[in-house]
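Below is one structure; the comments refer to it alone.
Chains as they are written, first to last, in my numbering: chain A, 112 to 441; chain B, 3 to 291.
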């Protein structure tokens, strides 16, 4: 137990001092890594804990990006406020999506494809609406001022997303130890059994998807402010959905540390492959596809899940050997 | 919308609907037998398109002659995917299988992207370019041929599943896996054949569409969603439902295309999807085989 806190402390020291000794490019990778760790942590709530796999979290990401941007450009609303409005709208959309699918207990593939379709609906809608400037996208005018969510260097963005990621990780940690968390895990393991034991499955799943959708929107706003540009083909693209689900799957679905550990493994890998073959689009997604298959075939519980298993087994093993020794001496 | 436009769109939609029907039959067949929603179905269809495209562009082979070629190639690939990857996770939780097929889709789609570039490509076959006039209405040749071949494939498949020994074995496995195994049906082999068959049907649909539309590596993506809507409309695992659902979606899409401008008509499919989810989530005919 103590070792865990030392590990977390060391990780935090490393993350907070990272900008001191990293290059500008490394810092960019750090930012993207943390951003997808954040979004994957949000994804983890509905997909990891309650086992309803969303393939369309780009919907909420895109809503976050577009809401704050439109509010800023059209109505001069501060993005720091805009991001909360984006989260509320994304949460509302998630609520509708959850209502449509969970009402009839649609799960598994039904749910996954419905989320995918929802992201697609939003993409086509935004792409065809004059108000959102169609396929051209929206530029955010340059106005470097932290008060307006724009920073001089990448360091500011880095600390912003780092703090956001720490906050969401604490939230997920608290959920995982709360009644809601236990209910969600019960639903994941056996929904009918959970319901017969008095877990209100519909209500719990609705809470989870609404939270998950709303929180994902914060990553969208961050992305918009980081690039100062939003476009339907980038923020609503299925690539975003994939980048959001990858870290949790690699790190371990339904674990607090999974999405973070996973993002540090998989996001830099994706960035590097697309950087290495920069003239060929799609190489990072080939790598992601191969990683998904390898992980599911050989390590479906993910890196963190495998580590937990290993620790548990060792503890059990120690106990057994101790008992054996005791039985021998007595 | 004038009556002429209405009927013209109805004809076009019905013809395209035939292709959607067989796409959906492929997806629903795999689901019915193995309980897998194959995300890669659209990507396999896209590969079928490229087989026909390259056969025509490089060797001048007529699209309908390369049809068996693309079907056989994809049958083998499908069986290999089942044997190499999916077979190992048949007992895993649903979402893991879904993720695997999702991963396969990503690999196929993006490998095609790297190899063939994201450019849209199309072929012009001289003897197909003229249209057939039926009174006031115009019918495009490749669409008409595609419709007839799709119907033949659907009928052939129906006959195969109902009458042949192998088809009965497939249906038996779909009904009761353990029971089928007990009477000596090799369920592993049935799975290879089913997945291969699903892939081959997707390839046929792809080859039939190559002379009609422009193809690109990401085209499977839109088709898998469309196909899924068709399958949900007909009821998951229901072959007849998939057939009728395909025709309905084809017609609705064509009518929407006539009524709305721009790419907004793409939304119609999804609106139908949401309506199904609200009113008939088990499909118009209910699930089952």
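For glycine and all other residues, C-beta sits at the position ideal for the given N, C-alpha and C.
Quiz prompt | Proximity to residue 39(B) [Cα-Cα], best of 225(A), 170(A), 201(A) | solution = Of 225(A), 170(A), 201(A), the residue nearest in Cα terms is 225(A).
Quiz item: Can residue 347(A) and residue 169(A) be called in contact, C-beta distance under 8 Å?
Solution: The Cβ atoms of residue 347(A) and residue 169(A) sit closer than 8 Å to each other.
Quiz item: If the cut is a Cβ gap below 8 Å, which residues of chain A does residue 268(B) touch?
Solution: Going along chain A in sequence order, the residues near residue 268(B) (Cβ under 8 Å) are 235.
Practice problem: Locate the beta strand (DSSP E) running through residue 246(A), then write down its first and last residues. | Solution: Unbroken run through residue 246(A): none, as it is neither H nor E.
Quiz item: Is there a Cβ from chain B that is less than 8 Å from the Cβ of residue 399(A)?
Solution: At a cut-off of 8 Å between beta-carbon atoms, residue 399(A) makes contact with chain B.
Quiz item: What's the gap between the Cα of residue 33(B) and the Cα of residue 134(B)?
Solution: A direct Cα-Cα distance of roughly 38 Å separates residue 33(B) from residue 134(B).
Quiz item: Quick one: does residue 327(A) have its CB under 8 Å from some CB of chain B?
Solution: No, residue 327(A) does not count as interfacial toward chain B.
Quiz item: Is residue 136(B) helix, strand or coil when you go by DSSP?
Solution: The answer is strand: DSSP assigns residue 136(B) an E or B state.
Self-check item: Sufficient close CB pairs (3 or more, under 8 Å) joining the region 264-279 of chain A to the region 122-131 of chain A
Solution: Yes, the region 264-279 of chain A touches the region 122-131 of chain A.
Quiz item: Counting only runs that start and end within the region 318-373 of chain A, where is the alpha helix (DSSP H) found for 4 or more residues in a row?
Solution: Entirely contained in the region 318-373 of chain A, the alpha helix (DSSP H) runs reaching 4 residues are, in chain order, 343-346, 349-362.
Quiz prompt | Interface residues of the region 90-108 of chain B facing chain A [CB-CB below 9 Å] | solution = Taking 9 Å as the Cβ-Cβ cut-off, the region 90-108 of chain B approaches chain A at 90, 91, 94, 95, 96, 97, 98, 99, 100, 101, 102, 104, 105, 106, 107, 108, given in chain order.
Quiz item: Name the chain E residues whose beta carbon is nearer than 9 Å to that of residue 65(B)?
Solution: In the structure shown, chain E cannot be found, because the protein chains are A and B.
Quiz item: If you follow the alpha helix (DSSP H) that residue 272(B) is part of, which residue opens it and which one closes it?
Solution: Residue 272(B) -> alpha helix (DSSP H) spans 268-281.
Quiz item: Exposed or buried, which one is residue 221(A) when buried takes at least 16 other CB atoms within 10 Å?
Solution: So residue 221(A) ends up on the buried side.
Practice problem: Counting only the same chain and skipping the five closest in sequence on each side, list residues whose C-beta sits under 7 Å from that of residue 157(A). | Solution: Only 163, 165, 319, 320, 323 meet the Cβ criterion.
Exercise. Reducing DSSP to helix, strand and coil, say where residue 123(B) ends up.
Key: DSSP places residue 123(B) in strand when its eight states are reduced to three.
Exercise. Please name the residue or residues paired with residue 142(B) in a DSSP beta bridge.
Key: For residue 142(B), which the question treats as bridged, DSSP gives the partners 133(B).
Quiz prompt | Neighbour list for residue 353(A) in chain B, Cβ cutoff strictly below 9 Å | solution = Per Cβ cutoff of 9 Å: 104, 108.
Practice problem: Could you name the residues of the region 377-392 of chain A whose beta carbon sits closer than 7 Å to any beta carbon of chain B, in the order they occur along the chain? | Solution: Of all residues in the region 377-392 of chain A, only 391, 392 come within less than 7 Å of chain B when Cβ atoms are compared, listed by chain position.
Exercise. For residue 112(B), decide whether its Cβ has a neighbour in chain A, counting only Cβ atoms nearer than 8 Å.
Key: Contact of residue 112(B) with chain A is assigned, a C-beta pair being separated by under 8 Å.
Quiz item: Which chain A residues sit within Cβ distance under 7 Å of residue 276(B)?
Solution: Ordered by position in chain A, the residues that pass the 7 Å Cβ test against residue 276(B) are 211.
Quiz item: If residue 184(A) sits next to residue 343(A), beta carbons under 8 Å apart, how far is it from one beta carbon to the other, in whole angstroms?
Solution: Residue 184(A) to residue 343(A), Cβ: 15 Å. No contact.
Self-check item: Segment contact flag, the region 221-228 of chain B with the region 41-48 of chain B, C-beta cutoff 8 Å, min 3 pairs
Solution: Here the region 221-228 of chain B lies against the region 41-48 of chain B, with 3 or more beta-carbon pairs under 8 Å apart.
Quiz item: Which residues bound the alpha helix (DSSP H) around residue 302(A)?
Solution: Residue 302(A) -> alpha helix (DSSP H) spans 302-307.
Exercise. Please name the residue, chosen from 154(B), 95(B), 99(B), 260(B), that lies closest to residue 87(B) on a Cα-to-Cα basis.
Key: The shortest Cα separation from residue 87(B) among 154(B), 95(B), 99(B), 260(B) belongs to 99(B).
Practice problem: Grab me the residues of residue 291(B)'s own chain with a C-beta within less than 8 Å of its C-beta, minus the 5 sequence neighbours each way, in chain order. | Solution: With a pLDDT of 40 at residue 291(B), under the threshold of 50, the modelled position of this residue cannot be trusted; read the value that follows with caution. 34, 173, 176, 177, 239, 240, 241, listed in sequence order.
Self-check item: residue 15(B) beta carbon less than 8 Å from that of residue 252(B)
Solution: Yes, the Cβ-Cβ distance between residue 252(B) and residue 15(B) is below 8 Å.
Self-check item: Min CB distance residue 290(B) to chain A below 8 Å
Solution: Residue placement at residue 290(B) is poorly supported in this model, since its pLDDT is 44, which falls under 50; the coordinates still yield a value, given next. So no, residue 290(B) is outside the interface.
Quiz item: How would you list, in chain order, the residues of chain A whose beta-carbon sits under 7 Å from the beta-carbon of residue 230(B)?
Solution: Those within 7 Å of residue 230(B) in chain A are 224.
Self-check item: residue 43(B) burial status per 10 Å Cβ neighbour count (16 or more: buried)
Solution: Result: buried.
Quiz prompt | chain B residues whose Cβ lies nearer than 7 Å to that of residue 443(A) | solution = The first residue shown for chain A is 112 and the last is 441, placing residue 443(A) beyond what the model contains.
Quiz prompt | DSSP-derived helix/strand/coil call for residue 331(B) | solution = There is simply no residue 331(B) to check, as chain B begins at 3 and stops at 291 in what is shown.
Exercise. Report the residues of the region 36-63 of chain B with a CB closer than 7 Å to any CB of chain A, ordered along the chain.
Key: Hits within the stretch, in order: 39.
Quiz prompt | Best match in 424(A), 399(A), 426(A) for proximity to residue 113(B) [C-alpha to C-alpha] | solution = Closest by C-alpha distance to residue 113(B), out of 424(A), 399(A), 426(A), is 399(A).
Quiz prompt | Segment contact flag, the region 202-215 of chain B with the region 12-26 of chain B, C-beta cutoff 8 Å, min 3 pairs | solution = The region 202-215 of chain B, when compared against the region 12-26 of chain B, does touch it at the 8 Å Cβ threshold.
Exercise. Could you tell me whether any Cβ in chain A is nearer than 8 Å to the Cβ of residue 130(B)?
Key: For residue 130(B), the answer is no, since every Cβ of chain A falls outside 8 Å of its Cβ.
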